[in-house]
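Numbering-wise, the sequence shown is residues 1 to 433 according to our numbering.
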Amino acid sequence: MALKYLELNTKPALKNGLSDVAYLQDKVTKIHNDVLSKNVAEKDWLGWYDLPNSYDRAELEAMKAKADQWEEQGVEVVVVIGIGGSYLGAKTGYDYIYGPYSLKKPRMELVFAGNSISSEELVAKLNYVKDKKFAINVISKSGTTLEPSIAFREFRNLLEKNEKGDANDLIAATTDKSKGVLFELATKKGYTKFVVPDDVGGRFSVLTAVGLFPFICAGINVDKVLEGARITNEELSSPLLNNNPAYEYAAVRNHLYDKEGFKIEMLVSYESKLQYFAEWWKQLFAESEGKDGKGIWPTSAIFSTDLHSLGQMVQDGSKILFETVLTLKNPTVNIEFQADEFDYDKLGYLDENNLHTVNNVAFEATMKAHTEVGKVPNIHILFDSFNEETLGALFIFFERALTMSAYLLGVNPFNQPGVEVYKKNMFSLLGKK
Numbered sequence: 001m002a003l004k005y006l007e008l009n010t011k012p013a014l015k016n017g018l019s020d021v022a023y024l025q026d027k028v029t030k031i032h033n034d035v036l037s038k039n040v041a042e043k044d045w046l047g048w049y050d051l052p053n054s055y056d057r058a059e060l061e062a063m064k065a066k067a068d069q070w071e072e073q074g075v076e077v078v079v080v081i082g083i084g085g086s087y088l089g090a091k092t093g094y095d096y097i098y099g100p101y102s103l104k105k106p107r108m109e110l111v112f113a114g115n116s117i118s119s120e121e122l123v124a125k126l127n128y129v130k131d132k133k134f135a136i137n138v139i140s141k142s143g144t145t146l147e148p149s150i151a152f153r154e155f156r157n158l159l160e161k162n163e164k165g166d167a168n169d170l171i172a173a174t175t176d177k178s179k180g181v182l183f184e185l186a187t188k189k190g191y192t193k194f195v196v197p198d199d200v201g202g203r204f205s206v207l208t209a210v211g212l213f214p215f216i217c218a219g220i221n222v223d224k225v226l227e228g229a230r231i232t233n234e235e236l237s238s239p240l241l242n243n244n245p246a247y248e249y250a251a252v253r254n255h256l257y258d259k260e261g262f263k264i265e266m267l268v269s270y271e272s273k274l275q276y277f278a279e280w281w282k283q284l285f286a287e288s289e290g291k292d293g294k295g296i297w298p299t300s301a302i303f304s305t306d307l308h309s310l311g312q313m314v315q316d317g318s319k320i321l322f323e324t325v326l327t328l329k330n331p332t333v334n335i336e337f338q339a340d341e342f343d344y345d346k347l348g349y350l351d352e353n354n355l356h357t358v359n360n361v362a363f364e365a366t367m368k369a370h371t372e373v374g375k376v377p378n379i380h381i382l383f384d385s386f387n388e389e390t391l392g393a394l395f396i397f398f399e400r401a402l403t404m405s406a407y408l409l410g411v412n413p414f415n416q417p418g419v420e421v422y423k424k425n426m427f428s429l430l431g432k433k
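In structure tokens, the structure reads:
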């Protein structure tokens, strides 16, 4: 079924079409109704569900005003400090709209820090901005997560050294509305504060200030992002599998895992700009579904690049994975191949063609090889273009699909108890009281 910005095709993943998953319809309908009526134990974490309509418009205007102020002050770089859901959505959108080699330049460059504990990486980023006019957007619900806390201290010290008394005006904290280490520090120092809503978990927070403020700083049109998400959310209002592509995707995933024995899902794209979209997707699905000894293991690849490393394994290796493939409908740029009368490079068969068409042929040939010969199920999602509306559509599509998928699996989509184990061990070894 086609949405305005996305089109889903699950036929290459099923033996008999949607009839293969019809047995899940009653369960899907019940979950749909329970979520809408908030008749679920996790009802306090459903704030993301209607964000495209219910976002805080006053805060959105405040974010725009702060970005305007920084631009007027000559800020060249905004250092976005966060980890996991506190940065992956912003990094995804930044790469989706701009990419590393785009001629379209951001309003202010974004540098992402606080997502590792590597001294090599942190020092390199500090050196990168030390002679530039920079501002900081630190993102943390609690303010106690180790990686961003360390990075914030170091960038804050550098900013205070560079800007003297003006440093506090160049820091914005996105955090809890009323409590926490970062909230208290921001209040004491007089930093601008934006809110991480209480009812929105980190990996669902891209359409809050967590993602929207970095987008605004970069010059991404957040009104269009929200509009794409709103339209898609409305298109996903039906509980019926044949009329709701997000639920269809969730049901097919569940069927492949539970009935067909496929335990790994590889998110494949033929566009390198989607590398961090895949990272956002992996966190969304891994933290939401990986519980109680259950869950589809999410991994990713960029084709055709990774066909030259992983292709052999997918084609002829253990039959433990299925692929979900994202392809682009309308590229913003393209290359038309011109005829060469001498054909020294033996590429004459490409004459009068274009690069995007060749990329699509690579996709079609690979899907045919993987499904028909390799017996690897494929789900195909065609997205419209690298614009803001489609970005918002992709975010809400996968959030809606993930929620249904996790409930079909029988797990809570909104907690992540497993990640606390390593943190407890790490803090113990570091001597934290």
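Think of the CB as a built atom: it goes at the ideal place given N, C-alpha and C, for glycine as much as any other residue.
Item to complete: For G303, I'd like the list of residues in its chain whose CB is within less than 6 Å of its CB, leaving aside the five on either flank, ordered along the chain.
Response: Taking the sequence shown and counting its residues from 1, one reaches residue 303 at position 303. This sequence places Phe at residue 303; Gly is not what is there. These residues qualify, in order along the chain: V268, Y270.
Worksheet entry | Contact belief for L159 with A173 at Cβ below 8 Å, rounded distance in angstroms | Numbered from 1 along the sequence shown, position 159 holds the residue referred to as residue 159. Numbered from 1 along the sequence shown, position 173 holds the residue referred to as residue 173. That pair is no contact at about 13 Å.
Discussion item. With a threshold of 6 Å on Cβ separation, who are the neighbours of Y247 within its own chain once the five nearest residues in sequence on each side are excluded?
Written reply: As a first step, residue 247 is located in the sequence shown; it is residue number 247 there, counting from the start. If we look at Y247 and ignore the five residues flanking it on each side, its Cβ neighbours are V28, L241, M404.
Discussion item. For G298, count the other beta carbons within 10 Å of its own beta carbon; 16 or more makes it buried, fewer makes it exposed. Which is it?
Written reply: One-based indexing of the sequence shown puts residue 298 at position 298. The question names Gly, but residue 298 in the sequence shown is Pro. Label assigned to P298: buried.
Worksheet item: Does the separation of the CB atoms of A209 and F155 fall below 8 Å?
Response: Residue numbering aside, residue 209 sits at position 209 when the sequence shown is read from its first letter. Residue numbering aside, residue 155 sits at position 155 when the sequence shown is read from its first letter. No, these two residues do not count as a Cβ contact at 8 Å.
Item to complete: Please classify T208: does DSSP put it in a helix, a strand, or coil?
Response: Counting from 1 along the sequence shown, the entry for residue 208 is found at position 208. Residue state, collapsed to three classes: coil.
Worksheet entry | Contained beta strand (DSSP E) runs [length at least 3] in the region 142-227, N- to C-terminal order | 171-175, 192-195
Worksheet item: Among residues of its own chain, excluding the 5 on either side of D34, which ones have a beta-carbon nearer than 6 Å to its beta-carbon?
Response: Working through the sequence shown from its first residue, we reach residue 34 at position 34. Once the five neighbours on either side are set aside, the close Cβ partners of D34 are V40.
Discussion item. Using the three-state DSSP reduction, which class does A448 fall into: helix, strand or coil?
Written reply: Only positions 1 to 433 of the chain appear in the structure, and residue 448 is not among them; the question remains open.
Discussion item. So F395 and V206 are supposed to be a Cβ contact under 8 Å. How far apart are they, rounded?
Written reply: Within the sequence shown, residue 395 is the residue found at index 395, counting from 1. Within the sequence shown, residue 206 is the residue found at index 206, counting from 1. Yes, F395 and V206 are in contact; Cβ-Cβ is about 6 Å, under 8 Å.
Worksheet entry | Element boundaries [alpha helix (DSSP H), containing V361] | Mapped onto the sequence shown, residue 361 falls at position 361. Start and end: 355-368.
Worksheet item: Exposed or buried, what is N137 when buried is set at 16 or more other beta-carbons lying within 10 Å of its beta-carbon?
Response: Here residue 137 refers to the residue found at position 137 when the sequence shown is read from its first residue. So N137 ends up on the buried side.
Discussion item. Spatial neighbours of R230 within its chain, please: C-beta separation below 7 Å, excluding the five flanking residues on both sides.
Written reply: For the purposes of this step, residue 230 is taken as the residue at position 230 of the sequence shown. Around R230: P52, N53.
Fill in: Beta-carbon proximity list for I117, same chain, < 6 Å, skipping 5 on both sides
As a position in the sequence shown, residue 117 is number 117, starting the count at 1. These residues qualify, in order along the chain: E147.
Worksheet item: What residue does the beta strand (DSSP E) around I81 start on, and which one ends it?
Response: Within the sequence shown, residue 81 is the residue found at index 81, counting from 1. Counting along the chain, the beta strand (DSSP E) containing I81 begins and ends at 77-81.
Discussion item. Starting from P52, trace the alpha helix (DSSP H) in both directions and tell me its first and last residue.
Written reply: Locating residue 52 in the sequence shown gives position 52, counting from the first residue. Segment 51-54, the alpha helix (DSSP H) holding P52.
Worksheet entry | DSSP three-state assignment for N242, whether helix, strand or coil | Within the sequence shown, numbered from 1, the residue matching residue 242 stands at position 242. In this structure, N242 counts as helix in the three-state DSSP scheme.
Item to complete: With S288 as the anchor, note down where its beta strand (DSSP E) starts and where it stops.
Response: Taking the sequence shown and counting its residues from 1, one reaches residue 288 at position 288. Taken as a continuous stretch (DSSP letters only), S288 belongs to no beta strand (DSSP E), being part of the alpha helix (DSSP H) at 275-289.
Discussion item. Excluding the 5 residues flanking K66 on each side, which residues of the same chain have their C-beta closer than 7 Å to its C-beta?
Written reply: To locate residue 66, count along the sequence shown from 1; it is residue 66. A172, T192, listed in sequence order.
Worksheet item: By how many angstroms is the C-alpha of F215 removed from the C-alpha of A251?
Response: Numbered from 1 along the sequence shown, position 251 holds the residue referred to as residue 251. Numbered from 1 along the sequence shown, position 215 holds the residue referred to as residue 215. Approximately 32 Å, taken between the alpha carbons.
Item to complete: Closer than 6 Å by C-beta to N353: which residues in its own chain qualify, once you throw out the five before and the five after it? Chain order, please.
Response: For the purposes of this step, residue 353 is taken as the residue at position 353 of the sequence shown. The answer, listed in chain order, is F337.
Worksheet item: Identify the residues that DSSP records as bridge partners of T403: which are they?
Response: Counting from 1 along the sequence shown, the entry for residue 403 is found at position 403. DSSP, once it has assigned bridges, lists no residue as partnering T403.
Worksheet item: Going by beta carbon distance, what residues of the same chain come within less than 6 Å of G99, once the five residues before and after it are set aside?
Response: Numbered from its first residue, the sequence shown carries residue 99 at position 99. Cβ neighbours of G99 beyond the five flanking positions: K273.
Practice prompt. Could you give the DSSP three-state label for N137: helix, strand or coil?
Written response: In the sequence shown, residue 137 corresponds to position 137, counting from 1. In this structure, N137 counts as strand in the three-state DSSP scheme.
Worksheet entry | Bridge-paired residues (DSSP) for W297 | In the sequence shown, counting from the first residue as 1, residue 297 sits at position 297. For W297, which the question treats as bridged, DSSP gives the partners I264.
Discussion item. Let me check understanding here. Comparing Cα to Cα, which of E227, L347, L307, G219 lies closest to K4?
Written reply: Here residue 4 is taken as the residue at index 4 of the sequence shown, counted from 1. Answer by Cα proximity: E227.
Practice prompt. Look up E323 in the DSSP assignment and give the residues it is bridged to.
Written response: Start at 1 with the first residue of the sequence shown, and residue 323 comes out as number 323. Bridge partners of E323: M266, N378.
Practice prompt. Work out the CA separation of D169 and E234 for me, nearest whole Å.
Written response: What you label residue 234 is simply residue 234 of the sequence shown in a count that begins at 1. What you label residue 169 is simply residue 169 of the sequence shown in a count that begins at 1. The straight-line gap from Cα to Cα measures roughly 39 Å.
Worksheet item: Nearest CA to the CA of Y257: which residue from A286, I296, V314?
Response: Position 257 of the sequence shown holds residue 257. When each option's Cα is compared against that of Y257, the closest is I296.
Worksheet item: Cβ of L8 versus every heavy atom of the ligand NAD: is any distance shorter than 7 Å?
Response: The ligand NAD is not part of the structure shown, which contains no ligands of any sort.
Discussion item. In this structure, how does DSSP classify F112 when only helix, strand and coil are distinguished?
Written reply: Position 112 of the sequence shown, counted from the first residue, corresponds to residue 112. In this structure, F112 counts as strand in the three-state DSSP scheme.
Worksheet entry | C-alpha distance - K104 paired with L110, whole-angstrom precision | The count along the sequence shown starts at 1 and reaches residue 104 at position 104. The count along the sequence shown starts at 1 and reaches residue 110 at position 110. Whole-angstrom Cα-Cα distance: 14 Å.
Worksheet item: Anyone know if the C-beta pair for A13 and N378 falls short of 8 Å?
Response: Start at 1 with the first residue of the sequence shown, and residue 13 comes out as number 13. Start at 1 with the first residue of the sequence shown, and residue 378 comes out as number 378. In contact: A13 and N378 (Cβ atoms closer than 8 Å).
Discussion item. Using only CA atoms, which one of N359, Y128, D176 lies nearest to K141?
Written reply: For the purposes of this step, residue 141 is taken as residue 141 along the sequence shown, with counting starting at 1. If we check each option's Cα against that of K141, D176 comes out closest.
Discussion item. Would R107 and G219 be called neighbours here (beta carbons separated by less than 8 Å)?
Written reply: Start at 1 with the first residue of the sequence shown, and residue 107 comes out as number 107. Start at 1 with the first residue of the sequence shown, and residue 219 comes out as number 219. Closer than 8 Å, so yes.
Worksheet entry | Secondary structure of A58, DSSP reduced to three states | Numbered from its first residue, the sequence shown carries residue 58 at position 58. Looking at A58 - three-state DSSP - the assignment turns out to be helix.
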